[in-house]
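Worksheet for the structure shown next.
This is how it looks when you write it as structure tokens:
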């Protein structure tokens, strides 16, 4: 009897141990990559479903994703999946049962084969792709140029041969994801060496990237559903104007020299605490590239300088996809530029009602980037990507073109 009781006791203890290990494992798997203080965007749905459903359509949310046939815009069907280099090498985009690959061939001989692991870019203008190998991420030599409907040489890559060894540091993930799993960081000489966990990312810019850790907020409001005042979360509206600007400038002010990880930034932090001061000659606005320097261009605009409270959200609703909704943006210009205040557009050749539908093409035209250019198959010179400048100003040539279009 004692022997039987002992066996039963051991069985119960074993079950308890196994169960606790399973629960522990599940908890670890379910825990946000950033730690227990983060709830994950899915936790926002129960209270903020409409905002969440709208936000997942935005470029911020889609700025990175696992590479798949659904997320990669480019073709994997011949002849549209082939890119030829001047040295005779061809790179073919192949969809295999085991995944998507860029395959380099020289005289039909396999030279290199690398998997699409991560897609970077929302897919509106262009996408580039990362491949994981031995703890490192490498940018693949071919990106996809949406406006040309074509595979293209990745920006800054050599046009004569496919380059597969451009390592991507954690700082790049700082603006194209909400977290990345880093296994180890060390110094190799004067270079920082990072070892990444494969595909361990919080993809896109998620809710907590801008609103801060929300686990305590979620737990409180689940226990107190009657409480309508947002507790244990940063209230963006209560921040000072410069703090609001700094939140956007973290990723929209170009490549500074970081002194802290962008992932550590929380709403209300000062941008100056995350980048070392730039003691080089200040750039003139004419020298700033439209890609990546939105903060500097915007804050150099007379609209911003003359306003005490203007910030990025004065024009942008970060929760909505407002791409190409020029009339909606123009109506926000009307908040300050009114006919009765004599601050409206001075172009009297057309009715005010017509002009008020599109301030953007004249005062924030799409301009060619000098830093983001793409060489499509068969081209001898790269094509620049274009972005709307955030220097709000008078562009006489662009205005002339716009007026000519309206008069037609």
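In the numbering used here, the protein residues as written are 1012 to 1419. C-beta: ideal position from N, C-alpha, C; glycine also.
How would you write the range of the beta strand (DSSP E) that residue 1211 sits in, first residue to last? For this step, residue 1211 is matched to residue 200 along the chain shown. Counting along the chain, the beta strand (DSSP E) containing residue 1211 begins and ends at 1202-1214.
For residue 1114 and residue 1068, what's the separation of their Cα atoms in angstroms? Numbered from 1 along the chain shown, position 103 holds the residue referred to as residue 1114. Numbered from 1 along the chain shown, position 57 holds the residue referred to as residue 1068. The C-alpha of residue 1068 is placed about 32 Å away from the C-alpha of residue 1114.
Once the 5 residues before and after residue 1388 are set aside, which same chain residues still bring their CB inside 7 Å of it? On the chain shown, position 377 is the one that residue 1388 refers to. Scanning its chain for C-beta atoms nearer than 7 Å, with the 5 sequence neighbours on each side dropped, one finds around residue 1388 the residues 1094, 1095, 1161, 1162, in chain order.
So, residue 1140 versus residue 1054, is the Cβ gap smaller than 8 Å? In the chain shown, the residue the question calls residue 1140 occupies position 129. In the chain shown, the residue the question calls residue 1054 occupies position 43. Not in contact: residue 1140 and residue 1054 (Cβ atoms no closer than 8 Å).
Buried or exposed for residue 1359, going by 16 or more other Cβ atoms inside 10 Å? As a first step, residue 1359 is located in the chain shown; it is residue number 348 there, counting from the start. With fewer than 16 other Cβ atoms within 10 Å, it is exposed.
Are the beta-carbon atoms belonging to residue 1264 and residue 1307 less than 8 Å from one another? On the chain shown, residue 1264 is found 253 positions in, with the first residue counted as 1. On the chain shown, residue 1307 is found 296 positions in, with the first residue counted as 1. Going by C-beta atoms, residue 1264 is nearer than 8 Å to residue 1307.
Range covered by the alpha helix (DSSP H) that runs through residue 1219: As a position in the chain shown, residue 1219 is number 208, starting the count at 1. 1218-1222 is the span of the alpha helix (DSSP H), which, as asked, contains residue 1219.
Can you tell me whether residue 1394 is helix, strand or coil according to DSSP? Residue numbering aside, residue 1394 sits at position 383 when the chain shown is read from its first letter. Of the three classes helix, strand and coil, the one that applies to residue 1394 here is strand, per DSSP.
Is the segment 1366-1384 touching the segment 1392-1401, taking contact as three or more C-beta pairs under 8 Å? yes
Alpha carbon to alpha carbon, how far is residue 1124 from residue 1112? As a working mapping, residue 1124 is identified with position 113 in the chain shown. As a working mapping, residue 1112 is identified with position 101 in the chain shown. Cα to Cα, the separation comes out at about 7 Å.
Whole alpha helix (DSSP H) elements within the segment 1236-1270, 4-residue minimum: 1252-1263
Step through the CB atoms of chain B and report whether any lies within less than 8 Å of the CB of residue 1317. In the structure shown, chain B does not exist; there is a single protein chain.
Name the DSSP beta bridge partners of residue 1110, please? As a first step, residue 1110 must be located in the chain shown, where it is residue number 99. As a beta-bridge residue in DSSP terms, residue 1110 pairs with 1107.
Do you know whose CA, among 1368, 1223, 1045, 1216, lies nearest residue 1183's CA? One-based indexing of the chain shown puts residue 1183 at position 172. Of all alpha-carbon atoms in 1368, 1223, 1045, 1216, the one lying nearest the alpha-carbon of residue 1183 is that of 1216.
Which residue wins for smallest C-alpha separation from residue 1117, given the options 1071, 1103, 1108? Translated into positions along the chain shown, residue 1117 becomes position 106. Looking at the Cα atoms, 1103 is the closest of the given residues.
Taking the straight line between their C-alpha atoms, what separation do you get for residue 1287 and residue 1108? Taking the chain shown and counting its residues from 1, the one referred to as residue 1287 is at position 276. Taking the chain shown and counting its residues from 1, the one referred to as residue 1108 is at position 97. Rounded to the nearest whole angstrom, the CA to CA distance from residue 1287 to residue 1108 is 46 Å.
Report the option in 1233, 1270, 1279, 1232 whose CA atom is closest to the CA atom of residue 1249. For this step, residue 1249 is matched to residue 238 along the chain shown. The residue among 1233, 1270, 1279, 1232 with its C-alpha nearest the C-alpha of residue 1249 is 1279.
Short of 6 Å in beta carbon distance, which residues of its chain neighbour residue 1040, apart from the five on each side in sequence? Order them along the chain. Looking up residue 1040 in the chain shown gives position 29. Only weak support exists for where residue 1040 lies, its pLDDT of 48 falling under 50; the value from the coordinates is given anyway. Excluding residues within five positions, none has a Cβ falling inside 6 Å.
Going by the beta-carbon positions, is the gap between residue 1223 and residue 1205 smaller than 8 Å? If you number the chain shown from 1, residue 1223 lands on position 212. If you number the chain shown from 1, residue 1205 lands on position 194. Their beta carbons are not under 8 Å apart, which means residue 1223 does not touch residue 1205 by this criterion.
Considering only DSSP beta bridges, list what residue 1125 is partnered with. As a first step, residue 1125 must be located in the chain shown, where it is residue number 114. Answer by DSSP bridge pairing, in chain order: 1113.
Helix, strand or coil: which one does DSSP assign to residue 1063? Working through the chain shown from its first residue, we reach residue 1063 at position 52. Of the three classes helix, strand and coil, the one that applies to residue 1063 here is helix, per DSSP.
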